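Numbering (mature numbering (1 follows the signal peptide of the UniProt record, and there is no 0)), first residue to last: -23 to -1, 1 to 1175.
Where is the CB? At the ideal position from N, CA and C, for every residue including glycine.
If you're wondering where the values come from, they're calculated on a predicted model, not measured in any experiment.
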């Protein structure tokens, strides 16, 4: 049941911008004044002037001179006067804007009162934002404004490799280990970012950590490039290249290559070129580092529990000595200095980086804009330098993405088809690129809100169309987002469909876009989505300084990058209220027309646009040309153009109920089935609770109909709540009760796809959820059915603004109505079953073409003896399930006595208990009794995971794929999350039996119900760290190796799984290294005190951070009153810290012995790709490297 406004929330939360153009002329106060010489030499990247691999990177040195030394320094070749990265937060610019006059129609947006910014004397800018969420922690991010888009032809991939070397080679970063800090780094087109998230003081000793964290970032600026570290990171990057090269990434690569064919982004992907990565020497990496890691080309962000004045002093002390000219001393050879200088000239001469934001990549764009839309033209080849890489180069991929079709005078479509044997479905990606419009005053802010209303309306229309009786597409999304990584606003239509329905999918989606562009939104939509924006802003304002450091920092970085005004949540709320109070439907419709203009302008009678629409289709390989599923560039362009000619009619408003359950119906239910409370009952030794008492940290009770209830207040997420309804059983019950394979899962998905209740249609219920900002997700796993609800806790679905507002019911009450109707009033619809079955068919078929997924499936088959509870559902099984069978399976689990409701949020606990009493307590105790099936004599909770056969076995899997990839696995039997093994014994019992000399104190500790669960968490953390140290750092065989448990709670037993990605040649070596690491943990290199203390910090910090989320609280409460999880009770929450802190190396070493780690009990596997039959790869052709994270802001994490 997609009773969800998840997409709406994404639309509302994102800043969706189109553009004006006066922002391209920067204020003089935003220019960094740096007196440097301007090079007069012109150099083409493809010329013979020093760009061959043989002579450009010829002199390698293993040592680097100090950056603090030289007295006579040459000017840095890449430094030019440029826009300050602070944009509006440059102190002079901020002061100027704050002095601008306001009038009745417009005013400058206010700046966050607490944000502090400045520039050191060496040109290094910084931003500080005090934020005590959580208290006692801070985050420091160093953003270097050079990424893969800044690389020269022989440097492709060097930005990412340098990030690895600088980050992993930092000695001072290692000082943060064991303090509860997290550090990492990532590289993208436009930047490289290093960060540290730390406590304010060290856990032991209370030493201030801000200087330590900044020391680590200074170390990045002054990186040593040692040969040993370079070799380690070279191996890691080459492994990462294999790991990320999934079919999804290859699709993203094709999309970006087409979308940005007119600029550098089409040829400069972060992962780079393998042939280059394998050959760079230390001096090559050092040269890149010294060219780009300089004070004027970075920005330091500091967010958290810090004092701005003290922080400024520390920043100046740590970073003040670095200078660009000192860095320049290490840029060798001379030819590269000249090349860097010429590139710098070209960057400042004509790119969005120089003219709009230094955060952007050095590119230009073919804008898709209205004919009367004025923008500053930028030269294609400034200074005769091919900065946009339009000429051919030796390392270019052998593919032509440059053709643009003129479908009518002045109307252009740039098409591309990507075919691959791993693709299962058809997908379409249709784009228009527009300049980013900075949001700096009330008018631009109001325009952004109008776009968000229009986008929300269109997305919900598309969602509804996607769940019609015969949907043309299986997924569809229309959005426009500012993308700093691409230097533009990207308007996108993304959809997937069955290959034979591709034409229908295009026609349906394009028609909906045209309808919005031509006719705009209805009055009901205007009211609905404007109200949602207001509620969203109100929730954010209520959150205030409780917004996490990470979220604040992400928003701050994105806002600064795009030149928007950074406001506080309260200021944003006030500006939203002011903007919405005067916003008209005509303004929204004007925004809608602009958003959809690249589609509406394609009509034969419409005026043409400037620039092309870009369309990429991804389709399975091998479809015959006479098949309806076949698609080529010609038919794709024709279909898009024809779809733009279809006649459309204005949207009609839908009557949406303000409440699903009338008051008189609720009164009648209270009379017919008067509820009563009883106390909570537990199996972990905790005494029962009273039925009429509120307790902390949660209140636990039972209703007279048998439903278990847990309620917790959590104010960290202001005006937000989370509710989880759990019905134990899942696919285990499917087998135990004799239902067809997959019936429970298909039934759960049918509920997700449906949603009609009582007298209300699915569309009405869905719009009710949109009005009340509800998100619903229904899942079935091996152990249970789970219904998750996210909701606002305030009045929503309001009508009007200000004093004239008419309040709707609270989000909390609306979610209780939905929960009640799911249990007693749900309507099962055949079309929802059809969509559910199609989803599972696609999942299973996609699995057969996914190396990691199929390999994992084969390992699971071997471990469980082909037990269907743990495997994907095959197509035949899915097809055989009827609507009645799906209904019977799911409803057999929705017996009140089987259910548990856990909810947490920013609400009054007594009020929520009253709502549960009325809406949930009045559900009859025998509801759904007609679906009950007889169970076996064996108690339900004794269901278990099959014990793997001994000896274990090795599995080899080959999957046809044009690109070489490999993944390896090591697996074996393990306890479940609470320490139960498949034979019914527990970790605690085994540990006590093995440790004959245990003291009475140790015996009591190990008898705590949380002991095994906590011990397994620490074992997992320690094992992952050991795998990283051995397999990646010491043996250099992989980028990443991961250890995890299956983590069942109700089923006895489970398994552990080690996953390691490697090249095909090194897969066996990586597998053996993982086995070696596991064996060493038991014998030759056992767990140390330092291992334990470090793991404790990680587990406790993660627990503390997650306690700030309502979702985590519902997860903690779920199962506390369920007999099927006998060790989970209130003590698992109240004693968490004490139990974790009490664990010893001896505890963990003995816990490790509860895993099947003996050689003869291990199951191993290697999955490899092989060339598809008949494929040939020319020797001279270099395979395209994948791009990382196309999703408007993804990056390559180091």
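The beta strand (DSSP E) enclosing residue i, as first and last residue numbers
i            : result
residue 266  : Where residue 266 is concerned, there is no enclosing beta strand (DSSP E), although the alpha helix (DSSP H) it sits in stretches over 259 to 269.
residue 763  : 761 to 769
residue 847  : Residue 847 -> no beta strand (DSSP E), and no H or E assigned at all.
residue 242  : Careful: residue 242 lies outside any beta strand (DSSP E) and carries neither H nor E.
residue 587  : That residue, residue 587, is in no beta strand (DSSP E); it is neither H nor E in DSSP.
residue 106  : 102 to 107
residue 1099 : Run containing residue 1099: none; DSSP gives neither H nor E here.
residue 752  : 752 to 757
Assigned exposure category for residue i - 16 Cβ within 10 Å defines buried
i            : result
residue 1137 : exposed
residue 885  : exposed
residue 771  : buried
residue 807  : exposed
residue 828  : buried
residue 648  : exposed
residue 1217 : There is simply no residue 1217 to check, as the chain begins at -23 and stops at 1175 in what is shown.
residue 321  : buried
residue 161  : exposed
residue 973  : exposed
residue 167  : buried
residue 311  : exposed
residue 673  : exposed
residue 29   : Any reading at residue 29 is ruled out, since the residue's pLDDT is 32, under 50, leaving its predicted position unreliable.
residue 842  : exposed
residue 5    : Note that residue 5 scores a pLDDT of 28, beneath 50, so its modelled location is shaky and nothing firm can be said.
residue 387  : exposed
residue 859  : exposed
residue 457  : buried
residue 98   : exposed
Pair within 8 Å by beta-carbon distance, residue i and residue j
i            : j            : result
residue 762  : residue 870  : yes
residue 274  : residue 123  : yes
residue 430  : residue 506  : yes
residue 693  : residue 523  : yes
residue 1014 : residue 1057 : no
residue 944  : residue 832  : yes
residue 271  : residue 53   : yes
residue 347  : residue 586  : yes
residue 282  : residue 95   : no
residue 892  : residue 790  : yes
residue 136  : residue 164  : yes
residue 51   : residue 305  : yes
residue 1028 : residue 920  : yes
residue 594  : residue 394  : yes
For residue i, the residue or residues it bridges with in DSSP
i            : result
residue 204  : Note: residue 204 sits in no beta bridge, so no partner.
residue 1140 : 948
residue 654  : 680
residue 541  : None, per the DSSP bridge assignment.
residue 176  : 114
residue 1178 : With the chain covering -23 to 1175 only, the question about residue 1178 has no answer from this structure.
Supposed close pair residue i, residue j - CB separation, criterion 8 Å
i            : j           : result
residue 1090 : residue 881 : 4 Å
residue 740  : residue 634 : Not confirmed; about 11 Å, so no contact.
residue 177  : residue 119 : Residue 177 to residue 119, Cβ: 19 Å. No contact.
residue 471  : residue 541 : In fact, because the Cβ distance is near 25 Å, the residues do not count as touching under 8 Å.
residue 301  : residue 819 : 53 Å between Cβ atoms; not a contact.
Limits of the alpha helix (DSSP H) - the one that residue i falls within
i            : result
residue 830  : 828 to 841
residue 1094 : 1087 to 1094
residue 1131 : Neither: residue 1131 is in no alpha helix (DSSP H) and is coded neither H nor E.
residue 1233 : The structure shown does not extend to residue 1233, since the chain spans only -23 to 1175, so no value can be given for it.
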